[in-house]
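*Asks:* Protein chains in written order, with the working numbering: chain A, 1 to 111; chain B, 1001 to 1113. Glycine residues also receive a C-beta, built at the ideal position from the N, C-alpha and C atoms.
1. As a quick exercise: from A:9, A:45 and A:15, pick the residue whose alpha carbon is nearest that of residue 21 (chain A).
2. Mind listing the chain B neighbours of residue 101 (chain A)? Cutoff is C-beta to C-beta under 7 angstroms, in chain order.
3. Along chain A, which residues have their Cβ under 8 angstroms away from the Cβ of residue 1074 (chain B)?
4. Are the beta-carbon atoms of residue 1021 (chain B) and residue 1110 (chain B) separated by less than 9 angstroms?
5. Can you tell me the Cα-Cα spacing of residue 23 (chain A) and residue 69 (chain A), whole angstroms?
6. If we define contact as Cβ-Cβ less than 9 angstroms, is residue 1053 (chain B) a contact residue for chain A?
7. Can you tell me which residues form a DSSP beta bridge with residue 1090 (chain B)?
8. Is any beta-carbon of chain A found at less than 9 angstroms from that of residue 1097 (chain B)?
9. Report the three-state DSSP secondary structure of residue 1067 (chain B) (helix, strand or coil).
10. Given a limit of 7 angstroms on CB to CB distance, which residues of the region 65-96 of chain A reach chain B?
Below, the structure is given as structure tokens:
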């Protein structure tokens, strides 16, 4: 079965400290990988996607196929980064579609 | 552009009642999705549509039906609501394939008593 794990429900860091939000997935094949974010009182929105190899708001995510991980990182946390973060592998196969969201990690940046 | 809108924002139902949630998008997107979010859980896909007139089951389709009669609208129906369907429901849309960015609505909070 396809599965995505975000081991931390809550992650608290001080402003200026590095941040790493963990995501591990178990999929057969090669899923496309996303991170979505929900700021307080805002809609869920895309933060970044693996295929774009981009850095958004200072965040990057590295795919490690050997470890089946797609951890989200930022070198210096800012207060405005406080939000819920969801890892979401997407997989299509055998005529079906699957986009599976992890349970999410709440990031709290302490001033 | 309004993006993705959902109607209603809140609803309280009694067990056994029926209702329809409406999702509308003005971005000319082909794909539309319905998710539910429960406390401590991620979003789970209920049903989705890859184009007008098409629907498909997601991860948790039981107890729900959907229709996509118009490209811009995606309806989620509960024929006989149960307390287990108490949740926050999110609609989303994307331009093309499932790997495109999904744009989410604000959510509908449904309580079934």
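*Replies:* Walking through what the data contain:
1. Minimum Cα distance to residue 21 (chain A) is reached at A:9.
2. Listed along chain B are 1042 and 1043, each with a C-beta nearer than 7 angstroms to that of residue 101 (chain A).
3. Per Cβ cutoff of 8 angstroms: no residues; residue 1074 (chain B) is ~15 angstroms from chain A at best.
4. Yes; because the gap between Cβ atoms is below 9 angstroms, this pair is in contact.
5. So the alpha carbons of these two residues sit roughly 6 angstroms apart.
6. With 9 angstroms as the cut-off, residue 1053 (chain B) does not count as an interface residue toward chain A.
7. In the DSSP assignment, the residues bridged to residue 1090 (chain B) are B:1035.
8. With 9 angstroms as the cut-off, residue 1097 (chain B) counts as an interface residue toward chain A.
9. Strand, per DSSP.
10. Those would be 86, 90 and 92, in chain order.
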